[in-house]
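Residue numbers (this note's numbering): 1227 to 1469.
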């Protein structure tokens, strides 16, 4: 079993081998001890030959949150490390706030079982749901604002949001509270609870190319995300956004 440490003092990418970890802890769980918080990476990781640091004492760990990241999200995280030849320290920042306490403080209160219908009209497309989650990804806010004719009960994510708001949004998405999620490319790394459809607007635009480590193609990530969650992937081109 392998662990990722959220401590800034952790060495070698923050990844430790923990063969004696209690088997009740599973991949995606958040655990802690006196030294800080750890994400359970699972029994298999990318580039295991790089990580030889054994965690000395695994007997005092307690569970903080079961499945902080779901199985499919953990699979995507490992894949991002492997395919982009990156590190867990870099890739984990796409999915989680480094200040894990801030994220924990945003745990949602008990949700009502009744969900409101979410709906948008996007150019020639009318998209709605009252149960599952739909992700709509735009290259930039300008494109999204010009294509969006109307919206009801939707969640908008942008890289201009404060970290506190981003953590609140992450919790709303993971809990299933938000059904239709509109976002720019930088905020696609969410832990969806029931994703059924991914829409990508105008894939030819240059804003979809990541210029920072880890570099990745947004369309490839979205296609893999759809594959892992069983969601449908669709492209909406410029002509379909014109009214």
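Here a beta-carbon is modelled for each residue, glycine too, at the ideal position from N, C-alpha and C.
One thing to note: residue 1415 has its Cβ no nearer than 8 Å to the Cβ of residue 1399. In this structure residue 1311 is exposed. Its beta-carbon is surrounded by fewer than 16 other beta-carbon atoms within 10 angstroms.
Among the bridge pairs identified by DSSP, residue 1242 is matched with 1229.
The continuous alpha helix (DSSP H) containing residue 1370 extends over residues 1367-1373. Within the same chain, 1434, 1435 and 1436 come within 8 Å of residue 1443 by CB-CB distance, once the 5 residues on both sides are set aside. The alpha-carbon separation between residue 1366 and residue 1448 amounts to approximately 16 Å. Per DSSP, reduced to three states, the secondary structure at residue 1354 is strand.
Burial state of residue 1250 is exposed, judged by a 10 Å Cβ sphere holding fewer than 16 other Cβ atoms. In the DSSP assignment, residue 1464 falls within the alpha helix (DSSP H) that extends over 1464-1467.
The continuous alpha helix (DSSP H) containing residue 1446 extends over residues 1444-1455. Residue 1256 is positioned such that its CB atom lies no closer than 8 Å to that of residue 1284. Counting the other Cβ atoms within 10 Å of the Cβ of residue 1314 gives 16 or more, which makes it buried. Residue 1403 and residue 1297 have their alpha carbons spaced roughly 19 Å apart.
In this structure, the CA atom of residue 1355 is about 10 Å from the CA atom of residue 1379.
Contact check for residue 1409 against residue 1363 passes: the beta carbons are separated by less than 8 Å. Considered as a whole, the region 1282-1340 harbours 1297-1309, 1314-1321 and 1326-1330 as its complete alpha helix (DSSP H) runs of no fewer than 4 residues, in chain order. The residue from 1369, 1393, 1384 and 1230 with its alpha-carbon nearest to that of residue 1279 is 1230. The beta-carbon distance between residue 1360 and residue 1406, rounded to whole angstroms, is 5 Å. This is short enough to meet the 8 Å contact definition. Note on geometry: alpha-carbon atoms of residue 1350 and residue 1441 lie some 32 Å from one another. Cα atoms of residue 1425 and residue 1289: separation of roughly 36 Å, rounded to the nearest angstrom. In the DSSP assignment, residue 1409 falls within the unbroken beta strand (DSSP E) covering 1406-1410. Where residue 1258 is concerned, the enclosing beta strand (DSSP E) starts and stops at 1256-1259. At a Cβ-Cβ threshold of 8 Å, residue 1242 and residue 1281 count as neighbours.
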